[in-house]
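Heads up: the sequence shown begins at 321 in this note's numbering, then just goes up one per residue. What follows is a short report on a single structure.
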Amino acid sequence: MEVISIDHVQLAIPPGGEPAARTFYGQVLGFTELPKPEAMRGRGGLWFQAGPVQLHLGVEPDMRPSIKAHPALVVTEFDRWRARLAAALGSVRQPDRADRGALTGPTPSRSRTWLGWRGAPARTSE
Numbered sequence: 321m322e323v324i325s326i327d328h329v330q331l332a333i334p335p336g337g338e339p340a341a342r343t344f345y346g347q348v349l350g351f352t353e354l355p356k357p358e359a360m361r362g363r364g365g366l367w368f369q370a371g372p373v374q375l376h377l378g379v380e381p382d383m384r385p386s387i388k389a390h391p392a393l394v395v396t397e398f399d400r401w402r403a404r405l406a407a408a409l410g411s412v413r414q415p416d417r418a419d420r421g422a423l424t425g426p427t428p429s430r431s432r433t434w435l436g437w438r439g440a441p442a443r444t445s446e
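Written out as structure tokens, the structure is:
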């Protein structure tokens, strides 16, 4: 028996946060919105996917943004991502290494929200 992957990551958004989430995850990050199962649509929230990464955004009535918990994406063309996010959001910081980045708000939580990313390792041909 072994764990072989993560099916999805669940993040919280406040009530009414779906339009901001569509803009951020769909337009800025380029995720594709997935249809939620019929039985779950009444709860609000959204599901997104980019490559093998799936994010589920669930509505929490008393949502408080997390200070430290965050997804960290692995991306290709790191410098282009940094420029794209800086243009869209105005604030991108480079924490500890040149191949990592982080941003805070104005993400769907309407407050301080982290999204980390790092450049994908260079692929070598075999």
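All residues carry an ideal CB built from backbone N, CA and C; glycine is no exception.
Exercise. How many angstroms separate the CA atom of serine 325 from the CA atom of glycine 378?
Worked result: Looking up residue 325 in the sequence shown gives position 5. Looking up residue 378 in the sequence shown gives position 58. Each residue's Cα considered, the two are about 21 Å apart.
For this session: Please check the pair phenylalanine 351 and alanine 332, which I expect to be a contact at CB under 8 Å, by giving their CB distance rounded to whole angstroms.
Result: Sequence index remark: in the sequence shown, residue 351 carries index 31 (1-based). Sequence index remark: in the sequence shown, residue 332 carries index 12 (1-based). With a Cβ gap of about 17 Å, phenylalanine 351 and alanine 332 do not count as contacting.
For this session: Use the C-beta contact count for arginine 400: other C-beta atoms within 10 angstroms, 16 or more gives buried, fewer gives exposed.
Result: Locating residue 400 in the sequence shown gives position 80, counting from the first residue. That one is exposed.
Problem set entry | Residue environment, proline 385, which counts as buried when at least 16 other CB atoms sit within 10 Å | The sequence position of residue 385 within the sequence shown is 65, counting from 1. Answer is buried; the Cβ neighbour count reaches 16.
For this session: Could you check the C-alpha separation between glutamate 397 and leucine 349 for me, to the nearest Å?
Result: If you number the sequence shown from 1, residue 397 lands on position 77. If you number the sequence shown from 1, residue 349 lands on position 29. When rounded, the distance between both Cα atoms is 13 Å.
Exercise. What are the residues that DSSP puts in a beta bridge with glutamate 353?
Worked result: The residue given as residue 353 occupies position 33 in the sequence shown. Partner(s): Phe368.
For this session: Give the straight-line distance between the Cα atoms of proline 372 and alanine 389, rounded to the nearest whole angstrom.
Result: By 1-based counting over the sequence shown, the position of residue 372 is 52. By 1-based counting over the sequence shown, the position of residue 389 is 69. Rounded to whole angstroms, the separation of the alpha carbons of alanine 389 and proline 372 is 21 Å.
Problem set entry | DSSP three-state assignment for valine 323, whether helix, strand or coil | Your numbering for residue 323 matches position 3 in the sequence shown. DSSP places valine 323 in coil when its eight states are reduced to three.
Exercise. Under a three-way DSSP split, which group does arginine 432 fall into?
Worked result: Against the sequence shown, residue 432 aligns to sequence position 112. Here the model assigns arginine 432 a pLDDT of 39, short of 50, so the residue's position is not dependable, and the following value carries that caveat. Correct three-state label for arginine 432: coil.
Problem set entry | Buried versus exposed call for arginine 361 [16 or more other C-beta atoms within 10 Å across all chains shown] | Your numbering for residue 361 matches position 41 in the sequence shown. When all chains shown are included, arginine 361 counts as exposed.
Problem set entry | Proximity below 9 Å, CB of arginine 342 to CB of glutamate 353 | Position 22 of the sequence shown, counted from the first residue, corresponds to residue 342. Position 33 of the sequence shown, counted from the first residue, corresponds to residue 353. Yes, they are a contact pair.
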